[in-house]
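Peer 1: Residue numbers (my numbering): 35 to 534.
(1) Sort 129, 223, 487, 360 by Cα distance to residue 195 and report the nearest one.
(2) Please state whether the Cβ-Cβ distance between residue 439 and residue 392 is less than 9 angstroms.
(3) Taking DSSP as the reference, what is the three-state secondary structure of residue 44?
(4) Does the segment 169-178 come close enough to the segment 237-246 to have 3 or more Cβ pairs within less than 8 angstroms?
(5) Could you tell me the alpha carbon to alpha carbon distance between residue 135 and residue 186, rounded to whole angstroms?
(6) Taking the straight line between their C-alpha atoms, what separation do you get for residue 261 and residue 179?
(7) Can you say whether residue 253 is buried or exposed, counting buried as having 16 or more other CB atoms within 10 angstroms of its CB?
(8) So, with DSSP's three-state summary, where would you put residue 480?
(9) To the nearest angstrom, how far is it from the Cα of residue 544 to the Cα of residue 127?
(10) DSSP three-state call for residue 302: helix, strand or coil?
(11) Does the count of Cβ pairs from the segment 398-405 and the segment 443-462 closer than 8 angstroms reach three?
(12) Is the beta carbon of residue 273 less than 9 angstroms from the beta carbon of residue 418?
(13) Taking contact to mean 3 or more Cβ pairs, one atom from each stretch, closer than 8 angstroms, check whether the segment 148-164 and the segment 102-115 are in contact.
(14) Runs of 3 residues minimum, wholly inside the segment 77-152: which ones carry the beta strand (DSSP E) assignment?
(15) Suppose contacts are defined by Cβ-Cβ distances below 9 angstroms. Is residue 214 in contact with residue 289 by that definition?
(16) Between residue 396 and the rest of its own chain, which residues show a CB-CB distance below 7 angstroms, the 5 nearest in sequence each way excluded?
(17) With residue 341 and residue 279 assumed to form a contact (beta carbons below 8 angstroms), what rounded beta-carbon distance in angstroms separates them?
(18) What's the gap between the Cα of residue 264 and the Cα of residue 491?
(19) Excluding the 5 residues preceding and the 5 following residue 448 in the sequence, name in chain order all residues of the same chain whose CB lies nearer than 7 angstroms to its CB.
(20) Distance check for residue 270 and residue 351, CA to CA, integer angstroms please.
(21) If you scan the segment 269-345 from start to end, which runs of the beta strand (DSSP E) of 3 or more residues do you find wholly inside it?
(22) Leaving aside the five residues before and after residue 53 along the sequence, list all residues of the same chain whose C-beta is less than 7 angstroms from its C-beta, in chain order.
(23) Alpha carbon to alpha carbon, what distance is there between residue 472 and residue 466?
(24) Using three-state DSSP, classify residue 360 as helix, strand or coil.
(25) So, at 8 angstroms on beta carbons, what are the nonlocal neighbours of residue 354 in its own chain, with the 5 sequence-adjacent residues on each side left out?
(26) To the nearest angstrom, how far is it from the Cα of residue 225 to the Cα of residue 320?
(27) Pick out the complete alpha helix (DSSP H) segments inside the segment 166-199, 4 residues or longer, and give them in chain order.
(28) Can you tell me whether residue 456 is helix, strand or coil according to DSSP?
(29) Excluding the five sequence neighbours on either side, which residues of its own chain have a C-beta within less than 7 angstroms of the C-beta of residue 487, listed in chain order?
(30) When the Cα of residue 89 is compared with those of 78, 95, 96, which residue comes out closest?
(31) Tell whether a beta-carbon distance below 9 angstroms holds between residue 82 and residue 123.
(32) Just the Cα atoms here: how many angstroms apart are residue 296 and residue 317?
(33) Helix, strand or coil: which one does DSSP assign to residue 351?
(34) Cβ atoms of residue 161 and residue 191: under 9 angstroms apart, would you say?
(35) So, using beta-carbon positions, are residue 69 and residue 84 closer together than 9 angstroms?
(36) In chain order, what residues of the same chain have a beta carbon less than 8 angstroms from the beta carbon of residue 9, not counting five sequence neighbours either side?
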């Protein structure tokens, strides 16, 4: 999204002596080319993919080695300086937005694939390695890394770990958590630490699931051991057309109820398919109110049997047209459309806000109807694309960030989607994280006791709350304020960005 200038948060005045002390201390442990502090140098780091909210850090650090990461963390811990870790900056919830009085610790130079072990089916990679690069390195061995976010050509493994990213094939093969064996990194004090292990189980407390998805709030991850799986000999994608989004949503539930676990099951509405088709020419049915993409993989016999079963279920659910990919080229075209949904949306609107919530599959039709009603309420268009198989919604609200009124309505629209998702038995986030975007909505889903527990876990790792502070866990004051003024009454802008 483009950023409205009025939403750029200038750093509160920092005493020059304190700033000079920080830069001098960092210069003692890092080469000068690894420290960016001039305004023009730090500006490119002022936001992640949620670019409508920005802040300039005091400095950006670009270490190359673990020793340099540890040294920088020790300096910042000693001086009480906040640290925000950053990978490729493709996150969509503001999780990598800098702290105005802190530093950004970029791990972009940790881009080495340390080892690929085809016997153990694992790869050891540094956190700055791009997602797709792992599969490219494993391809000669007939292996690949399953989680495949739409941003996989740019997003990094470290960022995937921070957000517990998924992708179009997560229904069958799992999220990042299910495909990671071990993490190596550093505590806020600069102490080396590992989570998980090379074996199927590790001794002691199993803290790996706690760190995956923790959004850089508990530790800085520098190295990841991922699980690789054999590439299936054959894959086939079915495109099914539906006369309305409700029947498409019901078809998703019908597929799962039939005992089928497809490799991928994705839904797009008419507005999204039109934008995508104009962008990549994937061969989508532009007459359909919604389309489903359903992929089967395995041996030729397995694919043939599952594709026939899926087709029968989809026809019974009301599909008006079913097209099966004829070859690998067409299958990739079908998926290229889905994976380019976000950039395609950028061609039809100055800005968009991509929401991320999860609902029970059986409520999919209800939430689609609710979003249609919200378009009228807030006077904004919404293009819908979902990881339908696991109920992970990605409505893209189209607006112009240069119009303050549109921005306010967009924020309220987004908050309404999240609140509705919780009311239908879902959650406020699926794979994009909480960051700053969903702070208010955390108050909707979690009780005061649950939020206190989250805060206690944070402080157990980071007593001074220096790692990515002000994100994910709302304060008691914020939730009290949210309780008095609900989004549906149109009284509270969303998100209510914390003032550091």
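The beta-carbon is built from N, C-alpha and C at its ideal position, and this holds for glycine as well.
Peer 2: Checking against the coordinates, here is how it stands:
(1) Of the candidates 129, 223, 487, 360, the one whose C-alpha sits nearest the C-alpha of residue 195 is 129.
(2) no
(3) At residue 44, the pLDDT of 49 sits below 50, so the modelled position is not reliable and the matter cannot be decided from this model.
(4) no
(5) 31 angstroms
(6) Each residue's Cα considered, the two are about 7 angstroms apart.
(7) buried
(8) coil
(9) This structure does not reach residue 544, given that the chain is present from 35 up to 534, and the question cannot be answered.
(10) For residue 302, the secondary structure class from DSSP, reduced to helix, strand or coil, is strand.
(11) yes
(12) no
(13) No, they do not touch.
(14) 93-95, 117-120, 137-140, 147-151
(15) no
(16) 287
(17) About 24 angstroms separates the two Cβ atoms, so there is no contact after all.
(18) 37 angstroms
(19) Cβ neighbours of residue 448 beyond the five flanking positions: 387, 389, 431, 528.
(20) 20 angstroms
(21) 298-303, 324-332
(22) Excluding positions up to five away in sequence, the list reads 92.
(23) 10 angstroms
(24) coil
(25) 275, 276, 277, 322
(26) Take the alpha-carbon of residue 225 and the one of residue 320: they are about 55 angstroms apart.
(27) If one requires a minimum length of 4 residues, the alpha helix (DSSP H) runs lying completely within the segment 166-199 are 191-197, in chain order.
(28) helix
(29) none
(30) Looking at the Cα atoms, 78 is the closest of the given residues.
(31) yes
(32) 21 angstroms
(33) coil
(34) yes
(35) no
(36) With the chain covering 35 to 534 only, the question about residue 9 has no answer from this structure.
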